[in-house]
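To start, the structure under review is shown below, and the notes come after it.
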Amino acid sequence: MIDPVSSIMSYVMTRNEAAMSLAKSRMEAEAAVAQAILEAARNIQRMTEASSSSASPFVGSNIDIYV
47 MIDPVSSIMS
57 YVMTRNEAAM
67 SLAKSRMEAE
77 AAVAQAILEA
87 ARNIQRMTEA
97 SSSSASPFVG
107 SNIDIYV
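Just so you know, the sequence shown maps onto residues 47 to 113 in my numbering.
Structure (structure tokens):
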């Protein structure tokens, strides 16, 4: 005979582990996107600093960032 309490507990624990795994994957993906945005911002800052200090090919350029 199947123990209903053990079955329910096993189901809940499995669901909890799956939810935690999904949450971890999502957090890792969000961190990767944040890192990419940060790097893009640093690159834009470098281009802005270079354009303010000398004649640069970036002067007057538009920079689009898509996420």
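Quick reminder that beta carbons are idealized off the backbone N, C-alpha and C, glycines included. All values derive from a computational prediction rather than experimental measurement.
Residue 112 by DSSP, collapsed to three states: which one?
If DSSP states are grouped into helix, strand and coil, residue 112 belongs with coil.
If we ignore side chains and look at the alpha-carbon of each, how far apart do residue 85 and residue 70 end up?
If I take the Cα positions, the gap works out to 23 Å.
Within the same chain, show all residues whose beta-carbon is closer than 8 Å to that of residue 92, passing over the 5 residues directly before and after it, in chain order.
none
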